[in-house]
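Heads up, the thing below is written out as structure tokens.
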Amino acid sequence: MRRMIVLSVLIVILACPAMGAAPIEKGAKEQAPSQRQAQTQSLETPAVPRPPIGSMVSVPAGEFTMGSQDGDSDERPVHKVQLNAFDIDVYEVTVGQYEEFLRSGDAHPPLDWNTMNQSAH
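In this note's numbering, the protein residues as written are 10 to 130.
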């Protein structure tokens, strides 16, 4: 549970800066220095965020510090992690909602669904 909270906070922190940078076109021809400088400046300037997909928001690619020196053994050591851009729901999906979705027949549960939701105590 603690890891989920930490991960959620980190995702929110990553979502707070600019919602992405201007894309670099694949196969673009070599540019003059002034064009490269202008493109570099545009990459440093926040892009206008794209509209959300349903109730999802885009999280830009970036680096964050993961872990805790004071946490559990699986949280050490503190280290840098690079993430690709991704979309995430604005609202949390509860275990009950996910279970209801699985019962609808639109998806199959993970193989460890029954064991991972049992209390460790």
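C-beta: ideal position from N, C-alpha, C; glycine also.
- As a beta-bridge residue in DSSP terms, residue 92 pairs with 71.
- Between the C-alpha atoms of residue 111 and residue 67 there is a straight-line separation of about 25 Å.
- Residue 98 sits in a strand when the DSSP states are folded into three classes.
- As a beta-bridge residue in DSSP terms, residue 66 pairs with 97.
- Secondary structure at residue 115: coil, using DSSP grouped into helix, strand and coil.
- With a cutoff of 8 Å on beta-carbon distance, residue 88 and residue 80 are scored as not near each other.
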